[in-house]
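Student: Numbering (my numbering), first residue to last: 5 to 136.
1. If I'm right that residue 128 touches residue 113 with Cβ under 8 angstroms, what's the distance once you round it to whole angstroms?
2. Indicate the three-state DSSP secondary structure (helix, strand or coil) for residue 106 in the structure shown.
3. Exposed or buried, residue 48, counting other C-beta atoms within 10 Å across all chains shown (16 or more means buried)?
4. Within the continuous alpha helix (DSSP H) that includes residue 23, where are the two ends?
5. Between the C-alpha atoms of residue 31 and residue 38, what's the straight-line distance to the nearest angstrom?
6. Rounded to whole angstroms, what is the Cα-Cα separation between residue 12 and residue 106?
7. Around the C-beta of residue 8, are 16 or more other C-beta atoms found within 10 angstroms, so that it is buried, or is it exposed?
8. For residue 90, which residues in the same chain have their Cβ closer than 8 angstroms to its Cβ, ignoring the five residues on either side in sequence?
9. Count the other CB atoms within 10 Å of the CB of residue 29; is the residue buried (16 or more) or exposed (fewer)?
10. Excluding the 5 residues preceding and the 5 following residue 25 in the sequence, name in chain order all residues of the same chain whose CB lies nearer than 7 angstroms to its CB.
11. When burial is assigned at 16 or more other CB atoms within 10 Å of the CB, is residue 3 buried or exposed?
12. Between which two residues does the alpha helix (DSSP H) harbouring residue 95 extend?
13. Buried or exposed for residue 19, please, with buried defined as at least 16 other CB atoms from any protein chain shown within 10 angstroms of its CB.
14. With a threshold of 16 other CB atoms inside 10 Å of the CB of residue 23, please say whether the residue is buried or exposed.
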């Protein structure tokens with residue numbers, strides 16, 4: 005499915021929602037991990053990460069954290085950060101809060117707002133001041 009970039013993402017996500025997260029989660033995770041290991045698979049990984057937004061969070065979050073740790077592409081980092089839910093990934097999220105790409109910083113700050121703790125408040129407030 006990720007290789008079929010001629011299929012609109014919204015239509016693919018609708019099909020995945022119809023089959024449900026119980027059926028779709030593990031195949032999406034397997035496909036993302038396989039695409040991440042192949043050279044030139046970044047576009048597929050990014051597309052699969054967007055599809056994973058309808059999957060089981062507790063299964064997707066560890067994969068997203070791993071991808072956010074290992075990839076260099078700002079687009080992939082930002083896409084993976086959107087799915088991070090596990091406080092054990094706060095170290096990578098905090099590191100990306102200072103990323104050179106503004107959209108990676110924005111994704112990291114949103115995640116800090118969702119799973120961060122009191123120590124992350126100054127970072128979130130500093131970013132908020134910059135965006136005003």
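All residues carry an ideal CB built from backbone N, CA and C; glycine is no exception.
Tutor: The answer reads as follows:
1. Contact check for residue 128 and residue 113: beta-carbon distance about 6 angstroms, within the 8 angstroms limit, so the pair qualifies.
2. Under the three-state reduction of DSSP output, residue 106 falls in the helix class.
3. Residue 48 should be labelled buried.
4. 13-23 is the extent of the alpha helix (DSSP H) around residue 23.
5. Looking at the two C-alpha atoms, the distance is approximately 10 angstroms.
6. Going from the Cα of residue 12 to the Cα of residue 106 covers about 27 angstroms.
7. By the C-beta density criterion, residue 8 is exposed, having fewer than 16 other C-beta atoms within 10 angstroms.
8. If we look at residue 90 and ignore the five residues flanking it on each side, its Cβ neighbours are 65, 66, 69 and 119.
9. Buried, since its Cβ has 16 or more Cβ neighbours within 10 Å.
10. For residue 25, where only same-chain residues beyond five positions count, the Cβ hits under 7 angstroms are 58, 59 and 60.
11. The first residue shown for the chain is 5 and the last is 136, placing residue 3 beyond what the model contains.
12. Where residue 95 is concerned, the enclosing alpha helix (DSSP H) stretches over 94-100.
13. Exposed, since its Cβ has fewer than 16 Cβ neighbours within 10 Å.
14. Residue 23 is exposed by the Cβ-count criterion.
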